[in-house]
Every structure is written in structure tokens, then in C-alpha cells.
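If you're matching positions, the sequence shown starts at 19 in the working numbering and goes up one per residue.
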Amino acid sequence: MRPVLILLTEGFADWETGLIAANLPQVDGLKVRNASLDGTAVTSMGGLHVSDLAPFDPSGDDVVVLCGGAIWESPDSDALIDRLTPMMRAARGAGASLAGICAGATALARMGVLDGIRHTGNGFDSMTQWAGTDYPGHTLYCDQPHAVRDQGIITASGVAPVSFAAAVMVEAGAGAEVGAMAKQYLGAEFQTTWDI
């Protein structure tokens, strides 16, 4: 079993990694740590204030998750990307799996870690707007509504937290049967039609 490290930034999208944080600890042996860049408190898009966070320090044992949020696709994000890129590349080189949902997937593209990796995100136009039209791996972008897991890297759009959580669970070592259960139970509402 591999530990999961979730990076939360100011203005993070609180619905995108909640299923991971809530459900992974229910699987024997799986641990989740929430972190912010320096261990300081952050507040989500929805106003959820999160404190007592670990400083972000990924290792080769981790499944490192970048939660989405407006910060990744903003003019102020360059300094954050520059600071994180060496850490993320070093962790990947040491064996870490990487995961990004929503604009977190865009951040992975900007860090140059999607070369040779099938991936998805919030749309190809969004990826190329922020990561460049020829970011490493751009030809392997998959336009699909669910998460993509390829060679230890998981990506998803912001509307795919269920398949993203299932893929992270499997990558962390929960097993394919746990991933299938997560898909069945967490995604049950998407398997039927309903009216509001």
C-alpha cells in the first residue's frame, strides 16, 4: 500500500479530492495526508477552512495528488509551478505516482510530466491555453468524461471526482476490486436516469 499525499492550495476545489480523503482511510493499510505548500492553512472555493496541514514534501513512495483550483490557471501561477516542478519531477523520478484533477491536470502538463502519457483534463483548449499548444504529451490528450490512468499518472476533469478517486485508490494499492466497488457505489447515481 502506498501513502497518498494531497496538495491543497488556496481556493482549492473542495469536491474534487473529498472522496479520496474520506474513503481511502477505510481501506486497510491506506493512508492519506493533506498538505499545503508550506503547511499553512488554506480555504477552499466553497469556504471550507483547512488547518493542521503538513508541509508539501513528496517522496518516491507517494501517490501525489494535485487538487484543482483557480490558482493553477491564473496569471499568478507561474511562481507556484516553478517552485513545485523540481519537487514533482524528483518524486516521479524516485517512483512516485502523480495525479491531477481539473486544473491540477493542467499543472502536471505545465510541469512537463505528461510526455508519453495518455491524459485528460478540463478540455484540450484549456490545457493548451495554460500549458502551451505543444506541451510535452499534447498529442496523447484524451477527450473523455472520466479519469485516465497511464504509467503511474492519473488525470481527470473537474467533473470526474468519482472515477478519479477510484483510479487513485487502485494506484495506491487498494486493488482493482476496490476500484470497481468505488465506481459501483460512489458512481451509482450516474448509472440511472433521474429527474429533478
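Ideal placement from N, C-alpha and C gives every residue a C-beta, glycine not left out.
When the Cα of residue i is compared with those of the options, which residue comes out closest?
i	options	result
V81	A112, A149, G64	A112
Q169	C85, N52, V50, L132	L132
G64	L37, F30, D100	F30
H156	V196, R136, P163	R136
D32	G57, G87, D75, A72	G87
A104	D94, C120, D75, E91	Going by the sequence as given, residue 104 is Pro instead of Ala. Comparing Cα positions, the closest option is D75.
E91	Q202, A192, C120, A114	C120
L42	A117, R20, T211	R20
K142	L126, R107, P154, D161	This sequence places Phe at residue 142; Lys is not what is there. Checking every option, the nearest Cα to that of F142 belongs to D161.
For residue i, write down the residues that DSSP places opposite it in a beta bridge.
i	result
T61	H67
G118	L84, T173
A53	L25, A72
D168	I171
Y159	H137
According to DSSP, is residue i helix, strand or coil?
i	result
L26	coil
D96	helix
D143	helix
H137	strand
Y203	helix
G36	helix
L132	coil
A112	coil
L126	helix
S77	coil
L48	coil
R20	coil
T211	coil
G150	coil
A194	helix
A184	helix
Return the Cβ separation of residue i and residue j in integer angstroms, given the expectation that the two are a contact with Cβ distance under 8 angstroms.
i	j	result
A97	G78	About 25 angstroms; that fails the 8 angstroms criterion.
W10	T124	Within the shown structure, residues of the chain are numbered from 19 to 214, placing residue 10 beyond reach of any answer.
G122	L66	That belief does not hold up - the Cβ atoms of G122 and L66 are roughly 17 angstroms apart, past 8 angstroms.
V22	A190	5 angstroms
When we look at the beta-carbon of residue i and count the other beta-carbons within 10 Å, is it buried (16 or more) or exposed?
i	result
F208	exposed
T138	buried
S175	buried
R128	buried
R167	buried
G134	exposed
Is there at least one non-hydrogen atom of the ligand SAM closer than 8 angstroms to the beta-carbon of residue i?
i	result
R110	The model depicted lacks the ligand SAM and carries no ligand whatsoever.
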